[in-house]
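Quick notes on the structure that follows.
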Amino acid sequence: MMRAMATRNIFMSSCTSTTMMIISFLAVGMIIAGTILVSSYRAIAGPGTFNRVVAANIIGTKAIVLLIIVGYIIERPHFVDIALMYAILNFIGTIIVAKYLEKGELCSP
Amino acid sequence: MLAIDVISTIFMAAGAFFMITGTLGLLKFPDFYTRLHATGKCDTLGQILIILGCIIYEGFSFITIKLLLVSAFYIFAGPAGTHALMKAGYVCGVPVWKKGDKRM
């Protein structure tokens, strides 16, 4: 029983959320959500394709951080797994879009 | 416990400052290359500082390793993506802003 609980405590989060930390997490999350909202202007009205790609890249980066912050706010920090997968997807998407715009094709023989 | 909270709050505030700075650069700079230069800071430094604050708050557990993994992946992936995008723009012939030109 004790051994099972010790094993479980390693895999669970060890955070006991105090009021100050909830307030600071909420403040940082609201700041990041506001910056996402503001930088979507460049994604909608940016001149040309490349400015829109830059805005999409930066929105993806901020979404990763916002996912981790939201996971701490609702006391479920296992959102980090989803954040890691989303980081990999964002990087691969940026690289593929850059290569397609540069060469006009994806895999040349 | 209070010291840990204060330290992690300071780190996350620094990360939020860099996020706001990168967004201001994305909106206000006159060119594609300068905008990409501004958002590179937001990619690496802002994200790593906020995740470092979360790591300090979390202590040592299994989630800390995953947070370190996200952060260490983005140290390599963010500048690589930025460089690939900037090289694609340079090859495609996106015009370069010089002093005195109009904003584009």
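Top line first, the protein sequences correspond to chains H and C. Here the working numbering is used: position 70 in the first sequence is 67, and no number is missing along the way. One gets the working numbering by counting positions in the second sequence from 1 and adding 278 to each. Backbone N, C-alpha and C fix where the C-beta goes; we use that ideal spot for every residue, glycine too.
Measure from the alpha carbon of residue i to the alpha carbon of each residue in the options, then state which is nearest.
i	options	result
isoleucine 282 of chain C	C:Asp379, C:Tyr335 and C:Val372	C:Tyr335
asparagine 48 of chain H	C:Leu304, C:Ser286 and C:Ile285	C:Leu304
threonine 15 of chain H	H:Gly45, H:Glu72 and H:Leu63	H:Glu72
Just how far apart, CA to CA, sit residue i and residue j?
i	j	result
threonine 299 of chain C	alanine 316 of chain C	8 angstroms
threonine 360 of chain C	histidine 75 of chain H	29 angstroms
serine 113 of chain H	glycine 318 of chain C	Residue coverage of chain H in this structure runs from -2 to 106, which leaves residue 113 of chain H outside it and unanswerable.
arginine 5 of chain H	serine 339 of chain C	Any reading at arginine 5 of chain H must be qualified, since the residue scores a pLDDT of 47, below 50, and its modelled position is unreliable; no value is offered.
valine 284 of chain C	leucine 86 of chain H	33 angstroms
lysine 380 of chain C	proline 308 of chain C	8 angstroms
methionine 382 of chain C	tryptophan 375 of chain C	8 angstroms
Mind checking if residue i is an interface residue toward chain H, Cβ cutoff 8 angstroms exclusive?
i	result
isoleucine 285 of chain C	no
leucine 330 of chain C	no
valine 372 of chain C	yes
isoleucine 333 of chain C	no
phenylalanine 310 of chain C	yes
Any C-beta of chain C sitting closer than 8 angstroms to the C-beta of residue i?
i	result
glutamate 99 of chain H	yes
serine 11 of chain H	Only weak support is given to the placement of serine 11 of chain H: the predicted model assigns it a pLDDT of 49, under 50, and the value that follows is read from those uncertain coordinates. It does: the Cβ of serine 11 of chain H has a partner Cβ on chain C nearer than 8 angstroms.
valine 67 of chain H	no
isoleucine 70 of chain H	no
serine 37 of chain H	no
alanine 53 of chain H	no
Would you say the segment 85 to 92 of chain H touches the segment 364 to 382 of chain C, given that touching needs at least three Cβ pairs under 8 angstroms? no
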